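So for the sequence shown, my numbering puts the first residue at 18; every next one is plus one.
Have a look at the structure below before the remarks.
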Amino acid sequence: MMLVAFRINDTRVFSRVVRFFRGGDSGHVEAALPDALYRHLHLCVSASFMDGGVRGKAIDITNPYKWRVYQVREHDDPLVWLAKNNDTFGLLVSTLPTLSDDPEKKVCSEAIAELLPWLPDPPRTYDLVKLENAVKQRGEQVQWTGYAWVTRTGS
18 MMLVAFRIND TRVFSRVVRF FRGGDSGHVE AALPDALYRH LHLCVSASFM DGGVRGKAID
78 ITNPYKWRVY QVREHDDPLV WLAKNNDTFG LLVSTLPTLS DDPEKKVCSE AIAELLPWLP
138 DPPRTYDLVK LENAVKQRGE QVQWTGYAWV TRTGS
């Protein structure tokens, strides 16, 4: 099982720029693997301009006011993907439409799209809004209870 976590209600400047150009209410997305030792922390894989490119990082994605989280069952291994991808430049220009066609430069939504083998189009076609719509169709929205992720009701 992998979690796909969309960062919402982020007031930082870069997130606002992403939302302005791409639309939607999320400015970032992470692929997350639960950490058995620290239940509230998750090993997350993504591409982050603020962190300097493709990276793995321990993040608390349990706050429902900061993260909208989906559980997906069919996915590639995020750690294998992370080992194969090293992107330390290009996130800023690739965030803006049509400024970068370099397949080595990834934004977060493209990185996560590469982990989802059931997506019908190449990862380059997925911005945050399109990615979340696709994840909604194949996954289920979950929330943190303090001990485990459970299917969110009423969403």
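Even for Gly, the Cβ is constructed at its ideal location relative to N, Cα and C.
Note that the structure is a prediction, hence the values are computed from the model and not measured.
* Spatial neighbours of Y82 within its chain, please: CB distance less than 7 Å, with the 5 preceding and 5 following residues excluded, ordered by chain position. => N26
* Quick one: grab the DSSP three-state call for L50. => strand
* To do: Check whether the Cβ atoms of V71 and K147 lie closer than 8 Å to each other.
  => no
* **Completely contained beta strand (DSSP E) runs for the stretch 49-103, where each covers 3 or more residues** => 58-65, 70-77 and 84-89
* **contact_flag[the stretch 157-168, the stretch 58-76] where n(CB pairs < 8 Å) is 3 or more** => no
* Asked: Thinking just about the alpha-carbon of each residue, which of F38, V86, N80 and E131 is nearest to the one in D93?
  -> E131
* Alpha-carbon to alpha-carbon, L20 and Y143 -> 17 Å
* To do: Report all residues from its chain with a CB closer than 7 Å to the CB of P51; omit the five preceding and five following residues, and keep chain order.
  => H59
* Asked: Can you give the beta carbon distance from S32 to A48, rounded, assuming they're within the 8 Å contact cut?
  -> Actually they are not in contact, since the Cβ atoms of S32 and A48 sit about 18 Å apart, beyond 8 Å.
* Asked: Which ranges would you report for the beta strand (DSSP E) in the stretch 135-166 if only whole runs of at least 3 residues count?
  -> 157-161
* **Paired residues, beta bridge with R24 - DSSP** => H45 and W84
* **Local conformation of E127 per DSSP, three classes** => helix
* What are the boundary residues of the alpha helix (DSSP H) that R39 is part of? -> V30 to R39
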